[in-house]
Structure formats: structure tokens, C-alpha cells
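Numbering of the sequence shown is given in numbering that gives the first Met the number 0, commencing with residue 0 and proceeding in unit increments.
We put the beta carbon where it would ideally sit given N, CA and C, even for glycine.
It should be emphasised that the depicted structure is a prediction, and the values quoted were computed from it without experimental measurement.
Structure first, commentary second.
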Amino acid sequence: MAHDDHPRNQQPDSATELTVTVSGGTAADARAVVQVLEPVFGSPQDDLPAAEDVTVHTARFAHDPERRSSGPGPAAGRLSGAVTLTVQGSPDAVAAARDRLTQAFTAQDQGSVSGDQEQEWQLLLEP
0 MAHDDHPRNQ QPDSATELTV TVSGGTAADA RAVVQVLEPV FGSPQDDLPA
50 AEDVTVHTAR FAHDPERRSS GPGPAAGRLS GAVTLTVQGS PDAVAAARDR
100 LTQAFTAQDQ GSVSGDQEQE WQLLLEP
């Protein structure tokens with residue numbers, strides 16, 4: 000009888016990814032958002048946002064629910080102006096991102112949408 004030695008949680012799954020989209024700000028604003036999330040999610044899967052000639056920046060993180068920062072909350076993030084953020088991923092990942100972002104920035108909840116295994120949350124971050 001064949002036996003599968005690989006746990007399911009080691010297989011790629013979109014529910015283990017967190018995607019953050021920053022609209023209306025600079026690359027420095029997007030980097031500020033990413034840096035606030037790194038203690039909880041680790042480094043993004045791609046390079047940090049750098050292009051200054053675009054107004055929408057995206058960062059993707061692998062989410063491991065076991066990786067929770069036990070240290071103090073994030074330092075206040077610095078933004079050049081208001082930015083709109085869309086956070087998408089598993090409910091646990093979105094909740095962790097929400098907690099971290101609302102501690103670091105002045106945030107206005109712009110609503111959320113929930114699916115079977117994924118959530119999307121939008122907020123406005125202000126300087």
C-alpha cells in the first residue's frame with residue numbers, strides 16, 4: 000500500500016499566501032507598509048517595491064500561522080500621503096496583517112469581502 004509522507008501543509012496553496020497592494024503612494028510608502036508586515040510574515044517573495052514611476056505596488060508574502068511576532072508592536076509607519084491598501088489571503092493571514100497595520104498606521108476600514116477560504120480587506124492609510 001502506498002503511503003504519502005508529505006503533510007498537506009507543505010504543498011503550495013494560495014490560502015498560505017498574503018498579497019498586499021498599495022495604491023496611490025510612492026515606492027517608499029509601499030516599502031513602509033512591507034517593513035511593518037515583515038516581523039509577522041518575513042520578507043516578501045519578490046523584491047521590495049522600487050519603481051517610482053508607478054502608483055500601484057504589490058508585495059506577496061508566504062504566510063506561516065506559526066510565525067507570529069512575539070515582540071512589541073510595530074513602530075509607527077511613515078507615509079508621504081494617504082494610500083489605499085488591499086490585503087488578500089487566508090482569514091488568519093488577513094487578520095494578522097490587519098492587526099499589524101492598524102497598530103502602525105492611522106487606518107480607516109474601507110470594507111472586506113470573504114470567500115470560502117480567502118478574504119479581501121481594503122483600508123485607507125493616512126500619514
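Using the Cα positions of residue i and residue j, report the straight-line distance between them to the nearest angstrom.
i: GLY110; j: GLY88; result: 15 Å
i: HIS56; j: LEU122; result: 15 Å
i: THR105; j: GLY114; result: 27 Å
i: ALA81; j: GLU119; result: 20 Å
i: ALA92; j: VAL112; result: 14 Å
i: ALA31; j: THR25; result: 10 Å
In three-state DSSP terms, what is residue i?
i: THR18; result: strand
i: ASP108; result: strand
Please report the Cβ distance between residue i and residue j, rounded to the nearest whole angstrom; I am assuming they are in contact, meaning their Cβ atoms lie under 8 Å.
i: ALA129; j: VAL33; result: Examination of residue 129 is not possible in this model, given that the chain is present from 0 through 126 alone.
i: VAL136; j: LEU84; result: The first residue shown for the chain is 0 and the last is 126, placing residue 136 beyond what the model contains.
In chain order, which continuous runs of the beta strand (DSSP E) of length 3 or greater are located wholly inside the region 31-103? For the region 31-103, whole beta strand (DSSP E) runs of length 3 or above, ordered along the chain, are 55-61, 82-88.
Three or more C-beta pairs closer than 8 Å, one from the region 36-55 and one from the region 86-103: is that the case here? At 8 Å Cβ cutoff, the stretches touch.
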